[in-house]
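A.B. asks:
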Amino acid sequence: MRNINPFWRGILYLVVLGLVGYGIGLGLDFVMAGELRFSGSVPALFTLLFGFTAFFLGAFGFQGIARGLVWQIVGTLAGGLLVAGIRALMGLPAFGDFFFTEPSWVVGGLTGALSFIVGVGVVDDWIKWARGMDTPEHHEEHYHGWAKYFAVSLDHKVIGIQYTILALLLISIGGLFALIFRTELAASQLQFLTTDMNLFGQNGPQLYNTLMSLHGMIMIVSILLGVSGIINYVVPLLLGAQDMAFPRLNAFSYWIAVPASVLPLMSLVLGGFDTGWTGYPPLSTRAPVGMQMFFLGVFVAGWSSILGALNVIATVLRMRAKGMTAMRMPIFVWAAIATSLIALTATQFIGLSFQLVMFQRLLGMGFFDPAKGGNPVLFQHLFWFYSHPAVYVFVLPGLGVISELLPVFVRKPLFGYRWIAMSSLGIALVGFVVWAHHMFTSGMNEYLRVPFMYSTLLVAVPTGVKFFSWVATIWKGKISTPTPMLFVLGAIVVFLMGGLSGPPNATVSTDLHLHDTYFIVGHFHDTIFGGFVFPFFAAIYYWYPKATGRKMNETLGKLHFWLMTPSFFTLTFGMMYVGLIGMRRRIADYDPALGIDAYHLVMTIAGYLIAVSVIIFLYNFFNSLKNGEKAEGNVWNSRSPEWQVPSPMPAHNYDQPFEVVGEPYDYGLKDSAYVRFAGTAKSTHK
Amino acid sequence: MAHSENKSSALMQGVVIFVYLAVLTGIEYFIAVAFDAVPLLIVAAVIKAGLVMYYYMHIYRLGEDDGEDQHSYRYKTGTNRFGLWLFLLSDSFVFAGLMAMRVNLLGLTRPHLNQLLGLAVTAILLISSFFMNRGETAIKYGDRKAFMTNTFITFLLGLGFLLGVVFVEWRQAAHEGLTADFGNPASGPMGAVFYMMTGMHAFHVLTGLIFLGIVWNNARKGIYTADQHWGVEAAAVYWHFVDLVWIFFYPALYLIGTAV
Ligand code: HEM
Ligand SMILES: [Cu+2]
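For the record, the sequence lines run as chains A and B.
For what it's worth, this note's numbering labels the leading residue of the first sequence as 1111, then goes sequentially.
For what it's worth, this note's numbering labels the leading residue of the second sequence as 15, then goes sequentially.
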């Protein structure tokens, strides 16, 4: 037992305890409902919670994440039972269709998330502070190897990797959901998600809606986590800081993202929901309990994002190396700042809008119910006030990665550094005043349409600045194309497609036709892949050697790229085309008479090819940890400070502080250095 | 320059600012009763907010130079200060969202509420800010006993506000037919908006009280000194922030527009 690999021990635990959970759930459900419902919600829920927890329990023992998850289960049950008890005293039904009633689930979900935090141990120091005790600034690591990444650590590098791994996990889960419903779309009519199937208390089309909605939100959460992953790992290194400004808060921001990921997954088995990721009322006020779990999950994830952003801004303001003036900061830092400003402020609005729907459901407060004097369009305003700027949270760091890596691989200065730096802020600011372009057909006041159309088109200006700079940077450069550069180039082209398909949606006259069609789906997949997914992969391939001291395999990396990119274009151009000729979004079936069956089949195949390419990536990612080619020096020949010290990065970052003595991107200029390390005459080369 | 030369002038400044705030609140009340002029109410609230942010929350300290040494207590406190203000900025968006909701759903109408009670809880919260300021000034000059007394008074007043809103105001309002689920359709969305806004604010008051309790208890153990008392500063600034929110919520719920 001791000798087997932690991963397989985890799997063993998962299977055994998952079965135990299934049995308990089945039993409880039987007691409540009086019949054995083998594919019902309650057994599935217990299987999910027990299995998920058991994996970590088996792999690393009762510590870190496993302890947090056990606490979360206990906390959820305790909160739920408490409410059940109160309801019983008040003479209301104590239990409901999904074991608990809705108020029980909401309170339980919240207490569960809080319990997780306490259980995992990330608030220990704060509790000590509240009791007037001092805590040491830097903790030594208690764990080694993989276990380090599944327990609380205050090191920004560990946290960055934790974020990245959780992001990859969620991308995989969200991708799996997509494959399931993409398969159903391969041909018209319902093939396997039929009306007479039943799983977790949902029939086929309902399950389709749930999977589609969860796909959206899980991907969004995974993007937020991926963004935080890169920022956390890279920003303090670029600034020459030892850590983030608030290491404990940083750990906290990461760890609340874990219950935030579990909660939406719980909604899958608690009846699901059918609103898509936007959760518009009135549909969201009528959807099953799963809706509430989704809201809670987003709410908690929102706090993760807010506190993370706060930390980034404070770090950049206060922790820069000597000589690093605003206009000598690496361009990625500018992107991180712009992103964080949005995340810090706007995120409150999605939290608030979802909270109001939660209260409407629980207490009957009719904020969005016209019958009670409420206004459903108000929800859309509150929601999009966050969710449009949020799309820039997704893409600005990615665009920053493009600008950061491009000069390294073309060996030329970044064209128009100041313009790029300011364009990130410009996009962020303009992004705050365009939200109603999602509502042209919503019945909002007519006079709002034209101003929002123009403000939206205005975003194209700072975005265009970035494109010009990239093209001018590449122009006559000495281009080399290792895998990270391939993804950078891919990102530029894909994002261009996304950007070009934006203005038709922003123009009122055309949007009235395009709204809620697959054209929109094609548009935002292009922007998100170009602005986040491709740059994320580029960043991983690029900084992997920094984190591990090994390179990822080039051949597999190229295979990943050349498989993913054409498949992706096939998929999204297909989406745009079927959308133009009438395919609606968020729907399990379509009319064979549209004549688009063949397109859908091709798109489904393309979807599977993307999945294959991601599996190749994941294999490469984990396999290279052991078998990758050793790369301990400045593998990409970069000027950036983190590459001037050996890889993997030493625990406390730089042994010698450095001073900024030149421009960051003067590649190819003789005798120009960006940083100089104290105590040595050595400075960066090339 | 906002820096006070010595303790007594610092305390005096607190008194003067309090008088300004009290007078302005009185004027607001008068404006509402006499002319119903919304722009004037907004101006008054903005002036009050500015006074609180500058003199009680000393926002100007964000610009203080901390020297070079990034490991000193002073520098770290400066960083913490940035962190706290960023948090407040973020939090104020919650309240801004609630305010937007209020404007959208209620426009120039407002719920029918007990005006005297509203003025009373507003005054209590304002007075609590005054004592908070005295407490913070005291610890800045190393006077631990005065700090504890003043913080204790702040705590009691805050508790008074919380109980006043939740147990007196809410009850009375509900009694008069203002219910959260619009049990009384004639009152429109009034109830939901009223309970949501006051409830969210009350939740912040509650967290502020917990914060004050922790700081008070730590002061009892003697861990704050004239030079090192970031915990006190944070609690005080947060407490004033809660007051700041009420500076806008009070006119929004009690004074603006016509009661229906
Ligand atoms: C030139 C820039 C862009 C323009 C003009 C633009 C315009 C629009 C418009 C008008 C819509 C609403 C269409 C409708 O629902 O009828 C839309 C949807 C969307 N856009 Fe963009 N967009 C741009 C860039 C981006 C970027 C950078 C992202 C980032 C990731 C993005 C993500 C999305 C998403 C996710 C939706 C769909 C939201 C939903 O679920 O309804 N867009 N875009
Ligand atoms: Cu938008």
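Ideal Cβ placement from N, Cα and C applies to all residues, glycine included.
How is the beta strand (DSSP E) around A:Val1785 delimited, first residue to last?
C.D. replies: Val1785 to Phe1787
A.B. asks: Report yes if the C-beta of A:Val1544 is less than 7 Å from at least one heavy atom of ligand 2; otherwise report no.
C.D. replies: yes
A.B. asks: Can you find a C-beta in chain A that's less than 8 Å from the C-beta of B:Gly271?
C.D. replies: no
A.B. asks: Does B:Ser86 have its Cβ less than 8 Å from a Cβ in chain A?
C.D. replies: When Cβ-Cβ separations below 8 Å define contact, B:Ser86 makes no contact with chain A.
A.B. asks: With contact counted as at least three CB pairs below 8 Å, one residue from each stretch, are the region 1547-1555 of chain A and the region 1505-1517 of chain A in contact?
C.D. replies: Cβ pair count under 8 Å is below three, so no.
A.B. asks: In whole angstroms, what is the alpha-carbon distance linking B:His189 and B:Val182?
C.D. replies: 10 Å
A.B. asks: Rounded to a whole number of angstroms, what is the C-alpha to C-alpha distance between A:Thr1675 and A:Ile1290?
C.D. replies: 21 Å
A.B. asks: Taking 8 Å as the threshold (beta carbon to beta carbon), is B:Leu103 in contact with chain A?
C.D. replies: yes
A.B. asks: Considering only their Cβ atoms, is the gap separating A:Leu1321 from A:Ser1149 smaller than 8 Å?
C.D. replies: no
A.B. asks: Would the C-beta of A:Val1571 count as close to ligand 2, meaning under 7 Å from any of its heavy atoms?
C.D. replies: Taking the Cβ of A:Val1571 as the reference point, every heavy atom of ligand 2 lies at 7 Å or farther away.
A.B. asks: Check for me: the alpha helix (DSSP H) holding B:Val219 runs from which residue to which?
C.D. replies: Bounds of the alpha helix (DSSP H) holding B:Val219 are Met204 to Arg234.
A.B. asks: Can you find at least 3 beta carbon pairs, one from the region 1590-1598 of chain A and one from the region 1662-1675 of chain A, that sit closer than 8 Å?
C.D. replies: yes
A.B. asks: Counting pairs of beta carbons, one from the region 1464-1475 of chain A and one from the region 1387-1406 of chain A, are three or more of them closer than 8 Å?
C.D. replies: yes
A.B. asks: Please go through the same chain and pick out, in chain order, the residues whose beta-carbon is closer than 7 Å to the beta-carbon of B:Ala266, but skip the five residues on each side of it.
C.D. replies: Met113 and Arg116
A.B. asks: Can at least three beta-carbon pairs, one atom from the region 47-58 of chain B and one from the region 136-150 of chain B, be found at a separation below 8 Å?
C.D. replies: No contact exists between the region 47-58 of chain B and the region 136-150 of chain B.
A.B. asks: Check whether chain B comes within 8 Å of A:Leu1192, counting only Cβ atoms and requiring the distance to be less than that.
C.D. replies: Interface residue (Cβ-Cβ distance to chain B less than 8 Å): A:Leu1192 is not classified as such.
A.B. asks: How should A:Ala1546 be labelled, buried or exposed, when 16 other C-beta atoms within 10 angstroms of its C-beta is the threshold for buried?
C.D. replies: buried
A.B. asks: Does any residue of chain B have a CB that is nearer than 8 Å to the CB of A:Tyr1259?
C.D. replies: When Cβ-Cβ separations below 8 Å define contact, A:Tyr1259 makes no contact with chain B.
A.B. asks: Going along the chain, which residues of the region 1422-1435 of chain A sit with their C-beta nearer than 8 Å to a C-beta in chain B?
C.D. replies: Ile1423, Ala1424, Leu1427, Arg1428 and Met1429
A.B. asks: Residues in the same chain with beta-carbon distance under 7 Å from B:Leu7, minus the five sequence neighbours each way, listed in chain order, please.
C.D. replies: An answer regarding residue 7 of chain B cannot be provided, because it is not within the stretch 15 to 274 covered by chain B.
A.B. asks: Rounded to the nearest angstrom, what separates A:Tyr1700 and A:Asp1626 at their Cα positions?
C.D. replies: 14 Å
A.B. asks: With a threshold of 7 Å, establish whether the CB of A:Val1501 neighbours any heavy atom of ligand 2.
C.D. replies: yes
A.B. asks: If the criterion is Cβ atoms closer than 8 Å, does the pair A:Ala1448 and A:Ile1340 meet it?
C.D. replies: The answer is no: Cβ separation not under 8 Å.
A.B. asks: Do A:Val1232 and A:Val1268 count as a contact pair if the criterion is CB distance below 8 Å?
C.D. replies: No, the Cβ-Cβ distance between A:Val1268 and A:Val1232 is not below 8 Å.
A.B. asks: In chain A, which residues lie with their C-beta within 7 Å of the C-beta of B:Gly97?
C.D. replies: Ala1355, Phe1356, Leu1420 and Ala1424
A.B. asks: Using 8 Å as the threshold, is the C-beta distance between A:Leu1870 and A:Met1713 below it?
C.D. replies: An answer regarding residue 1870 of chain A cannot be provided, because it is not within the stretch 1111 to 1796 covered by chain A.
A.B. asks: Along the beta strand (DSSP E) that carries A:Glu1769, what are the first and last residues, could you check?
C.D. replies: Bounds of the beta strand (DSSP E) holding A:Glu1769 are Phe1768 to Val1770.
A.B. asks: What residue range does the alpha helix (DSSP H) around A:Pro1645 cover?
C.D. replies: Phe1644 to Thr1658
A.B. asks: Who does B:Thr123 pair with in a DSSP beta bridge?
C.D. replies: B:Thr272
A.B. asks: For A:Gln1754 and A:Leu1622, what's the separation of their Cα atoms in angstroms?
C.D. replies: 54 Å
A.B. asks: Give, in chain order, every residue of the region 1574-1589 of chain A whose Cβ lies closer than 9 Å to some Cβ of chain B.
C.D. replies: If the cut-off is 9 Å between Cβ atoms, the region 1574-1589 of chain A has nothing near chain B.
A.B. asks: Nearest chain A C-beta to B:Ile73 closer than 8 Å, yes or no?
C.D. replies: no
A.B. asks: Does DSSP put A:Arg1119 in a helix, a strand or coil?
C.D. replies: helix
A.B. asks: Using a Cβ cut-off of 8 Å, which residues of the region 33-64 of chain B contact any Cβ in chain A, in chain order?
C.D. replies: none
A.B. asks: Go through its chain and collect everything with a Cβ distance to A:His1635's Cβ below 6 Å, but skip five positions before and after it.
C.D. replies: Thr1682
A.B. asks: Can you tell me which of the three DSSP states A:Lys1740 falls into?
C.D. replies: In the three-state DSSP reduction, A:Lys1740 falls in the strand class (E or B).
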